Amino acid sequence: MRLNSFDALYELHKNLKSLLDLRSDELQADEAKSGPRDILVCGGTGCHSAQSAEIITALREKIADAGLEDIKVVQTGCFGFCAQGPIVKGQPENIFYVQVKMEDLDEIVNSHLIGGKAVERLLYTDPRTKEKQKHYLDMDFYKKQRRVALHNCGIIDPECIDEAIANGGYLAIAKVLSGMTQDDVINEITASGLRGRGGAGFPTGRKWSFTKTSEGSEKYFICNADEGDPGAFMDRSLLEGDPHGILEGMMIGGYAIGADTGIIYIRAEYPLAVYRLETAIAQAREYGLLGKNILGTDFDFDVQISLGAGAFVCGEETALIRSLEGNRGEPTRKPPFPAESGYRGKPSNVNNVETLANVASIILKGADWYSRIGTESSKGTKVFALAGKVNNIGLVEVPMGTTLREIIFEIGGGIEGNKKFKAVQTGGPSGGVITEVNLDTPIDFESLKAIGSMMGSGGMIVMDEDNDMVEIAKFYLEFTMDESCGKCTPCRVGTKRIYEMLETLIEQKGDLETLEKLDALCRTIRETALCALGQTAPNPVLSTMKYFPEEYERYAKHEVNKAYAINPEKCIGCTKCARSCPVSCISGKVKEVHVIDESKCIACGACFTACPFQAIVKP
Amino acid sequence: MQKSKFNMEILDSCKLRELDVFIEAEDNPQGRIIHILHEAQKLFSYLPQELQLYIARKTGLPAAKINGIVSFYSFFSQEPSGKYIISVCMGTACFVKGADAVFQAFRDELQLEEGQKTSADGLFSLRDVRCIGACGLAPVVTINNRIFGHVKKDDVKGIIEEYRILAKQEKAEVAQ
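Protein sequence lines, in the order shown, are assigned to chains A and B.
Each residue of the first sequence is one higher than the one before, counting from 14 in the working numbering.
Each residue of the second sequence is one higher than the one before, counting from 198 in the working numbering.
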């Protein structure tokens, strides 16, 4: 079926709308009431790896066997609550089951679908009150969220274009093509205040206008889906949960800058996202929403997928373009900017996935609506990947200006195991740590920079009292050192030297002078590296040195005790610890107190687990 | 004339024909070289230098350039790997939850020396990978396409044992 006019699309949208009648979050029907139901099962990578595909198949079979004809099982995109996966949601009752296993399905079918009684034990338990929570909107995790970019994720089936259209998909491109000029589109996006969500926060409207005004008939609109920040997975979830939304954002951008070709540069590590995109592109082509004469106009636009091959630096736009052209992904100097000379030397515009996910909503609901969300300088919402040592791990979308405390302690449900909060790293390997004192900072591009971190792509890793900050800095430097492309010396050699200094400190072979040298080197690299990867690589070190100077000093003064010890009062000489030690540093005879050689201990903790008498003392 | 150090005979001709078809279908094989290398790795499971040379000749690119690309991107491998590829996610979320201890436990269990990636029996290859985005399951390990979430270092022995048994069973089935 090909949609040859705006009316054909509007007609289809109207006819399909009822597909989603049961899906609204606001519905909270009584589960005892029988009638048609949609059972939504999360099909994001997190839940997928926990057998959600098998759950869908089995659930469909069981429902068919029970003769429940008006119950539909739908695979949706990510609900965001990844630690609780696989997630199964019953609509219109709005009942949210977590950590569902194959063996739970009979009970869901018999008790809930046939008996009209929710399965209590599969409901989410609030980590603070220990109470079971039935409805999705009652949960702290969702209460403070506002879903703009993620509005389709967890609602529609991402592999079905009809469901996307039913929820308003492709209506924005129709609005654009039926009466907006290129400048109208750019002005709308500029007025909305939308800024690039990939890290730097450059105003999207301005970027588009640069590429539009660049000379040349051949232009490219590129979507940067090379999400390399470790611990960030918002782009992956968007591509898996709402591929049509991203395609539509690209089409609108392509129209605005005058491009007829879109390219998605995506990590090869995201096979499910690639599959969903391929499916979406094929469906959109079939409907005539991609290709020649879209919706009967003279606008042509098509999208192709290009796979990355595992290089963090390719998230930098000039490196990305080099990689697209079939080269090593090494960045080039700016200017010339991609807007002047990008892919194949032609004017090119590169936008991040999450940025594009906002575009259609802005066009449909207007710049005014969008710019009312957020802070003075940063409009709209931001998706964060909340991970590390918080209770509620997952994807959260909040208005700009929300505080870190709200995200970590309300949405995130606080620190795992009632430990003490120590720091949160934002901006991944390019960002820095934020400590207790700054937890009440309202998040936006400027405020995070002011406290020594950055927005970055939205990774948010929470650390507790057990995490060693020097080790964390070393972890990030190992990453940037590995990922340095090697083109410029400050980054290639500098990151390696920083890493070595951190290693020296951790091995307690450094001194206070090492700290001074480390600080000086970090500042030099920040000033002299060619691209953002190198310039920001020292940030994790500089920020941990700033907020946790005492941890660095303890290493510099050789005061860190890393060895385990044995409490002679409790040890009965059972020899279990000595047998479990991988480096054989525990000595002692049977039925006599054992001793750990602290110089050899690698602090692996094997003895701690092995000891039945709690005689091993942690460092 | 000096004999080439490359023995092109090692390349399976069936797979090469499949690769030829893929390359010939590309309008601009030089610009799409990364795609071609992905396909080649899919077919051959790794990219030996002989294969890189073959692709260079086929696409008209210098072999040095191909090797430059293959060595630049971490997704491409120049060494053969074991039957089961164990990937330990080293993303930040997994790291703060102890992925390094899990990685070490695999090395110990497989008795891998420094720099050694594949176990002596050729059954397992161990590698650390960049964030696979399943942070909710941290620490995460994948073995071929199967994902293990919330892995503890004490689980490692059991996981390896399961695959050793599986390999034995498969071998026995083949023998029958």
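In this text, a Cβ means the ideal position worked out from N, Cα and C, and glycines have one as well.
Values in this document were obtained by computation on a predicted structure and should not be read as measured data.
Item	Value
Contact set between S635 of chain A and chain B, taken where Cβ atoms lie within less than 8 Å	The structure shown has nothing for residue 635 of chain A, since chain A only spans 14 to 632.
Where M198 of chain B sits in the DSSP three-state scheme	Reliability of the predicted coordinates at M198 of chain B is poor, the pLDDT of 49 falling under 50, and no value is obtained from them.
Under 8 Å by beta carbon: chain B residues contacting T622 of chain A	D351
Chain A within 9 Å of S271 of chain B, Cβ atoms only	yes
In DSSP terms, what D477 of chain A is bridged to	A:F434
Meets three-Cβ-pair contact criterion under 8 Å: the segment 62-74 of chain A and the segment 220-240 of chain A	no
Short CB-CB distance (under 9 Å) between M198 of chain B and chain A	Because the pLDDT at M198 of chain B is just 49, under 50, the model does not fix this residue reliably, and the point stays unresolved.
Distance, G265 of chain B Cα to E39 of chain A Cα	55 Å
Burial state of H61 of chain A (16 or more Cβ within 10 Å)	buried
Chain-ordered residues of the segment 268-294 of chain A with a beta carbon less than 8 Å from chain E	Annotation note: the requested chain E is absent from the structure, which comprises protein chains A and B.
Closest by C-alpha distance to H26 of chain A, when choosing among A:Y300, A:T448, A:Q64, A:T194	A:Y300
L32 of chain A versus P99 of chain A: straight-line alpha-carbon distance, rounded	24 Å
Outcome for M287 of chain B when other beta-carbon atoms lying within 10 angstroms are tallied against a minimum of 16	buried
Neighbouring residues, chain B, relative to T58 of chain A (Cβ below 7 Å)	G330, A331
Per-residue DSSP class, three states only, for K589 of chain A	helix
Sufficient close CB pairs (3 or more, under 8 Å) joining the segment 314-322 of chain A to the segment 220-233 of chain B	yes
Assumed close pair E410 of chain A, Q146 of chain A - CB separation to whole angstroms, cut-off 8 Å	At roughly 20 Å, the Cβ-Cβ gap does not stay under 8 Å, so E410 of chain A and Q146 of chain A are not in contact.
For A578 of chain A, the three-state DSSP class (helix, strand or coil)	strand
Uninterrupted alpha helix (DSSP H) stretches inside the segment 124-157 of chain A (no shorter than 4 residues)	153-156
Every unbroken beta strand (DSSP E) inside the segment 275-311 of chain B [3 residues or more]	281-286
Residues sharing a beta bridge with K102 of chain A, DSSP	A:L53, A:F109
Minimum C-alpha distance to A187 of chain A - residue among A:K602, A:Y268, A:G393	A:Y268
Closest residue to I519 of chain A among A:D532, A:A616, A:Y565 (Cα-Cα distance)	A:Y565
Cβ of N340 of chain A within 9 Å of any chain B Cβ	yes
Sheet register partners of K85 of chain A (DSSP bridge)	A:D51
Short Cβ contact (9 Å threshold) for D315 of chain A with G271 of chain A	no
Inter-residue spacing [alpha-carbon to alpha-carbon] between F246 of chain A and R210 of chain A	13 Å
Reference E276 of chain B; option with closest CA among B:I329, B:L213, B:Q238, B:S284	B:Q238
Residues sharing a beta bridge with F397 of chain A, DSSP	A:V409
Three-state secondary structure (DSSP) of C504 of chain A	helix
Residue environment, N574 of chain A, which counts as buried when at least 16 other CB atoms sit within 10 Å	exposed
Beta-carbon proximity list for I168 of chain A, same chain, < 6 Å, skipping 5 on both sides	R36
9 Å Cβ cutoff, R254 of chain B in contact with chain A	no
8 Å Cβ shell around N340 of chain A - same chain, five flanking residues per side excluded	none
Neighbour flag for N17 of chain A against chain B, beta carbons, 9 Å	no
Beta-carbon proximity check, G103 of chain A vs L285 of chain A, cutoff 9 Å	no
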